[in-house]
Amino acid sequence: MKIITTHKGADFDALASVVAASLVYPDAMLVLPKSINPNVKAFLAIHKDLFDLKSPKDVDCEDVDTLILVDACTWNRVEGLKGLRKKEDLKIIIWDHHTGGDMNPAIQYQEKVGAAVTLIARELKEKRILITPMIATLMLMGLYEDTGNLSFSTTTVEDASTCVYLLERKADLSVLNSFLRPAYGEMQKRILFEMLKSSKRKKVNGYKLAFCKVDVDGHVGNLSVVVNMYRDLENVDAAFGLFFESKKDKCVIIGRGREEGLDIGKLMRNIGGGGHPGAGSTMLKSEFLDYQGITELISELIRGDQKSSVQLGDIMSFPVFTVPDDTTMEAVALILRDKGCTGVPVVKKKVLVGVISRKDFKKMRKDIHMKSPVKAYMSTEVVSISADKSPWEAIRLMMKHDIGRIPVIKNDDIIGIVTRTDAMRYYYNLLPD
Ligand SMILES: [Mn+2]
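Start counting the sequence shown at 0; every next residue gets the next number (numbering that gives the first Met the number 0).
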């Protein structure tokens with residue numbers, strides 16, 4: 000007997016992949032784990048009868064000769080089915096958009112694309128297997144959820160063309176919207192209110208963070224959606240909701256960031272949880288249950304993580320060309336022309352005292368002023384930044400002061416300069432390895 004199953008905590012990509020895979024393997028039994036995300040549960044409440052879904056306890060592991068696992072590639076994500084792990088002759092087939100794994104599969108369709116459904120859709124297209132509008136809708140939900148509506152950086156061209164294919168197969172966007180974006184309930188509204196009330200902001204390594212603490216009583220659905228909204232309202236780089244369940248001595252932490260910069264998933268893995276760069280969560284048990292302690296722990300991790308992530312020192316331009324503050328404007332003009340740059344830092348005995356840029360030349364009224372020293376026209380409000388700051392912090396300074404270049408300082412020395420071009424090169428991944 001063949002079975003198709005997926006990871007616990009099944010999301011739409013997981014359910015859609017199980018259903019889509021059943022078209023590729025029509026003789027297989029579909030097994031859905033008991034733990035299912037709340038919006039998937041809501042979807043199943045209406046659509047359940049359309050699929051013949053079994054639970055792990057319905058499976059007699061003795062009878063299974065082939066395990067088809069979708070949207071997962073490790074044993075610890077499989078719920079129940081312990082008997083399968085011991086079977087030596089079990090044939091394993093994996094369809095997953097995560098690479099790696101510990102399952103020793105006979106066949107593996109594992110590629111880094113945005114969602115597992117994209118890989119199965121490829122097979123359906125190749126084999127010219129028709130899908131119903133309902134299955135197309137479900138697959139599109141999986142694709143949109145896992146790619147953030149095709150906006151996450153993991154999205155590939157094939158994900159986008161799968162989207163076209165599913166819309167051609169009549170995927171229904173209004174059904175999709177009502178399940179992917181469930182309305183906020185009274186409970187979520189109340190919690191969001193509590194979050195904003197207890198919210199504290201903090202700056203770590205140039206990242207703007209917000210923390211809040213809410214006492215909850217039992218399970219609350221869709222908390223991650225609420226944390227997302229909290230992050231948007233606070234307009235920070237990352238927001239963390241600390242949900243204390245005092246009766247059970249535990250605290251669930253949900254973090255939401257942005258695509259670039261901080262890796263929330265990595266951060267949460269450090270404290271026993273998981274996730275992806277934009278979002279992650281973990282659960283801590285009693286001994287750490289103190290709001291102050293947890294915020295300190297997270298801040299410390301971010302502070303430490305900075306060392307392994309890109310710092311300005313990695314993207315800045317160097318050596319920096321500087322001019323002494325008694326250089327004439329005439330000489331500076333020639334330097335700017337020869338170097339093809341729009342500005343240059345000014346130093347007095349090696350110490351940064353100003354920056355002269357093309358726009359400062361407009362302050363001069365007469366040609367004779369070209370003989371004046373640069374210190375008369377340079378801007379003395381010097382914005383500088385230290386080498387261990389993040390590229391994002393440099394961009395914030397550029398926006399705030401409307402400048403295009405910032406000298407990079409280490410122990411009072413100018414060790415480089417970061418320009419708009421350097422920042423662009425970083426964001427578009429054009430850095431040399
Ligand atoms: Mn997935």
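Built from N, CA and C at the ideal position, the CB exists for glycine as well.
Values in this document were obtained by computation on a predicted structure and should not be read as measured data.
Of the heavy atoms belonging to ligand 1, at least one sits nearer than 7 Å to the Cβ of H96.
In this structure, the C-beta of A20 stays at least 7 Å away from each heavy atom of ligand 1.
In this chain, the alpha helix (DSSP H) harbouring H400 covers 390-400. With fewer than 16 neighbouring CB atoms inside 10 Å of its own CB, G184 falls in the exposed class. Under the three-pair Cβ rule at 8 Å, the segment 188-199 does not count as touching the segment 143-150.
Here I45 is exposed. Its C-beta has fewer than 16 other C-beta atoms within 10 Å.
Residues lining ligand 1 by the Cβ criterion, that is a Cβ closer than 5 Å to any of its heavy atoms, are D12, D70, A115, D145 in chain order. Nearest to K85 by C-alpha distance, out of L195, K56, K338, L66, is L66. Within the DSSP secondary-structure output, T418 pairs in a beta bridge with R404.
The alpha carbon of P372 has as its nearest neighbour, out of S197, I334, T326, I405, the alpha carbon of T326. The three-state reading of DSSP puts L191 in helix, counting H, G and I together.
Just so you know, the alpha carbons of I408 and Y290 end up roughly 35 Å apart.
Relative to the Cα of L123, the nearest Cα in the group I106, P37, S16 belongs to S16. The distance from the Cβ of I293 to that of P276 is about 21 Å, inconsistent with a contact at the 8 Å cut-off.
In this structure, the CA atom of M228 is about 43 Å from the CA atom of I355. Excluding residues up to 5 positions away in sequence, I93, D95, H97, G99, G100, M102, Q109 lie with their Cβ nearer than 7 Å to the Cβ of C72 in the same chain. For W74, same chain residues with a beta-carbon under 7 Å away, outside a window of 5 residues either side, are R84, D101, M102 in chain order. Two segments are said to touch when three or more pairs of C-beta atoms, one from each, lie closer than 8 Å; by this definition the segment 314-325 touches the segment 340-349. Exclusion of the five residues before and after M282 leaves K249, C250, V251, I252, G271, G272 as the residues of its chain whose Cβ lies within less than 8 Å of its Cβ.
Here K362 is exposed. Its C-beta has fewer than 16 other C-beta atoms within 10 Å. M328: member of the alpha helix (DSSP H) spanning 328-338, first to last residue. When the five nearest sequence neighbours on each side are left out, no beta carbon in the same chain lies closer than 6 Å to the beta carbon of H368.
A distance below 7 Å between beta-carbons, with the five flanking residues on each side excluded, links K169 to the following residues of its chain, in chain order: P132, A135. Secondary structure at G113: coil, using DSSP grouped into helix, strand and coil.
Taking the C-beta atoms as reference points, K7 is found nearer than 8 Å to E78. Around the beta carbon of N38, a 10 Å sphere encloses 16 or more other beta carbons of the protein chains shown; the residue is thus reported as buried. Per DSSP, Y183 has no beta bridge partner at all. Taking S160 as reference, the option from K40, L241, L118 with the minimal CA-CA separation is L118. In the structure shown, the three-state DSSP call for C162 is helix.
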